[in-house]
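Top line first, the protein sequences correspond to chains A and B. Heads up, the final residue of the first sequence is numbered 1367 in the working numbering, and it's a clean run with no missing numbers. Heads up, the final residue of the second sequence is numbered 1367 in the working numbering, and it's a clean run with no missing numbers. For each residue, glycine too, the CB sits at the ideal point set by N, CA and C.
Protein chains: 2
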Amino acid sequence: MEIEVLEGIFDANEIIARENRALLDRLGVFMVNVMSSPGAGKTSMILRTLEDLEDEFSCAVIEGDIAGKVDSERIAERGVQAIQINTGGSCHLEAKQVNTALGRLDLEGADLVVVENVGNLVCPAEFRLGEDLKVMILSVAEGHDKPLKYPLMFSECHVLIVNKIDLIPYTDFDLELFKETVRKMNPSVEIFEVSCRTGEGIQDWTGRLKERVTGRGIDT
Amino acid sequence: MEIEVLEGIFDANEIIARENRALLDRLGVFMVNVMSSPGAGKTSMILRTLEDLEDEFSCAVIEGDIAGKVDSERIAERGVQAIQINTGGSCHLEAKQVNTALGRLDLEGADLVVVENVGNLVCPAEFRLGEDLKVMILSVAEGHDKPLKYPLMFSECHVLIVNKIDLIPYTDFDLELFKETVRKMNPSVEIFEVSCRTGEGIQDWTGRLKERVTGRGIDT
């Protein structure tokens, strides 16, 4: 037995996402939208990424959270420009919020803006922000069955980072089955296997991101 | 720097939640709303719970997912009445969907309805379904800092089940700090520490639930 409920498409968001895109193109800034469930490791991944990129590139971070500013404070401690968006209850970032945040950042000479979306595998996938790259992170502790339950996120992402691979021996996570399922839904997705805790695999991802930032303007 | 966005309150949902509540009271059925991030273990927890309760109580399950019906099929394999709600993209269940599902279940002589909400720590906390008990599950792999980032869910839940405690030795999860943070936000919350994988602690939770189902009508 199934009950279907349909939702509309958000044209207003799309218009502002295009404005963001045009602004970033004008400034020559590459923007990454990082999405995941709560606790999959977005902030840790961003901190690891900044560590590898900040010598070569000028970076800024937009932090999206329901409440609080712990994440933007952690980023700012590294000396990286960070702005916090508190959505006040909303479960995803919208292009308009990112537009306001971009306007408040000093992006002269900037190369990369990383946006940390609200921890949620559902709605963030529906709201384009004007990003070059949609990155989703899955923690292995979430299980290999998630693609079938959250199909839009897994279909829409350009990059999938499988995090906490150091936990695989202690879980039932089947990495090969997981990758096979994802690739059926999203054949062009680039998959990286990492542990933010141990550092394993991080440079595969950051190396690839460096290539993308350098070749900016090439849209995915 | 902060950007605030406010959301309204959903009166229509509240009216239907009350209808659900009245229907359940009339039937003498206890309803539990299970909420968590994707992959925290809602379905595993419900299966474990049914295992302990199904000899004594007549149970039914309402499964909420964006897409698919793997979960309701897993429940139905146990011989338990299960109905799948596919939200078609929406990130939470609403009282109206549960109302429709309740109408399709055979609840004559039923004792307990367990609702598995969509995997999301944000919006499900805002939509009352007419439940007796709001149960949230946190997997230790998500980290002990989650209460401050998803305050509504942690403040609203009556029961907090800390799952995957078998993974604690392999993570930085600080259980005491976590419980302290939660209790400051929600002094009356009942906390259970379990592992659905090993079975540890499950009976503490199911024992308590049995007491609640038997004493039904006592609202939390």
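Taking the C-beta atoms as reference points, Asp-1158 (chain B) is found no nearer than 8 Å to Phe-1204 (chain B). Secondary structure note for Val-1269 (chain A): it is in no beta strand (DSSP E), with a DSSP letter that is neither H nor E.
By the Cβ test, the stretch 1170-1187 of chain A is in contact with the stretch 1278-1288 of chain A, since at least three Cβ pairs between them sit closer than 8 Å. Neighbourhood of Ala-1214 (chain A) in chain B, by CB distance below 9 Å: Leu-1295, Lys-1296, Tyr-1297, Pro-1298, Leu-1299, in chain order. Comparing C-alpha distances from Glu-1161 (chain A) to each of A:Asn-1233, A:Glu-1263, A:Val-1262, A:Arg-1275 shows the shortest one belongs to A:Arg-1275. Between Ala-1164 (chain A) and Asn-1310 (chain A), the gap from beta carbon to beta carbon reaches 8 Å or more. Leu-1314 (chain A) reaches chain B at Ala-1288, Leu-1314, Tyr-1317, counting residues in chain order whose Cβ is nearer than 7 Å. Beyond the five residues adjoining it in sequence on each side, Thr-1328 (chain A) comes within less than 6 Å, by CB distance, of Pro-1294 in the same chain, given in chain order.
About 6 Å separates the beta carbon of Ile-1232 (chain B) from that of Ala-1248 (chain B), a gap short enough to meet the 8 Å contact definition. Residue-level contact check: Asn-1267 (chain A) touches chain B, since one or more beta carbons of chain B fall below 8 Å from its beta carbon. For the options B:Pro-1185, B:Glu-1273, B:Ile-1312, the alpha carbon positioned closest to that of Gly-1266 (chain B) is the one of B:Pro-1185.
Residue-level contact check: Val-1217 (chain A) touches chain B, since one or more beta carbons of chain B fall below 8 Å from its beta carbon. Neighbours of Cys-1343 (chain B) in chain A, taken as residues whose beta carbon is under 8 Å from its own, are absent, since the nearest beta carbon is some 11 Å off.
Closest by C-alpha distance to Val-1176 (chain A), out of A:Ile-1209, A:His-1239, A:Leu-1254, is A:Leu-1254. Looking at the DSSP output, Cys-1206 (chain B) sits in a beta bridge with B:Leu-1259. A distance of 8 Å or more separates the beta carbons of Arg-1225 (chain B) and Leu-1268 (chain B). Collapsing the DSSP output to three states places Leu-1314 (chain A) in a helix.
In terms of Cα proximity to Ala-1272 (chain A), the closest of A:Lys-1326, A:Phe-1301, A:Met-1192 is A:Phe-1301.
According to the DSSP assignment, Val-1360 (chain B) belongs to the alpha helix (DSSP H) that extends over 1349-1361. In the DSSP assignment, Asn-1160 (chain A) falls within the unbroken alpha helix (DSSP H) covering 1158-1174. Within its own chain, the residues whose Cβ lies closer than 7 Å to the Cβ of Asn-1264 (chain B), once the five positions on either side in sequence are excluded, are Asn-1180, Val-1181, Met-1182, Gly-1211, His-1239, Leu-1240, Pro-1271, listed in chain order.
If you check each beta-carbon in the stretch 1169-1195 of chain A against every beta-carbon of chain B, the ones closer than 7 Å belong to Ser-1184, Pro-1185, Gly-1186. No Cβ-Cβ contact shorter than 8 Å links Gly-1277 (chain A) with Ala-1229 (chain A). Three or more beta-carbon pairs separated by less than 8 Å link the stretch 1343-1356 of chain A to the stretch 1309-1324 of chain A, which places the two stretches in contact.
Boundaries cannot be given for Leu-1254 (chain A), as no alpha helix (DSSP H) includes it and DSSP labels it neither H nor E. Straight across, the Cα-Cα distance linking Leu-1307 (chain A) with Leu-1280 (chain A) is about 11 Å. If the five residues before and after Thr-1318 (chain A) are omitted, its C-beta is found closer than 7 Å to the C-beta atoms of Val-1287, Ala-1288, all from its own chain and listed in chain order. Beta bridge pairing from DSSP links Asn-1180 (chain A) with A:Val-1262, A:Lys-1281. Cα atoms of Met-1192 (chain B) and Ser-1335 (chain B): separation of roughly 22 Å, rounded to the nearest angstrom. Short of 6 Å from the beta carbon of Leu-1174 (chain B), and not among the five residues preceding or following it, lie these beta carbons of its own chain, in chain order: Leu-1254.
Contact note: Lys-1311 (chain A) reaches chain B through Ala-1288, using a C-beta cutoff of 7 Å and chain order. In this structure Ile-1209 (chain B) is in contact with Val-1245 (chain B), their Cβ atoms being roughly 6 Å apart against a cut-off of 8 Å.
Contact of Cys-1304 (chain B) with chain A is not assigned, every C-beta pair being separated by 8 Å or more. Judged by DSSP secondary structure, Glu-1327 (chain A) falls outside any beta strand (DSSP E) and instead within the alpha helix (DSSP H) spanning 1322-1332. Closest in C-alpha terms to Lys-1296 (chain B), from the list A:Arg-1195, A:Lys-1216, A:Leu-1171, A:Leu-1170, comes A:Lys-1216. Put simply, the CB of Cys-1238 (chain A) is near chain B, with a gap under 8 Å to one of its CB atoms.
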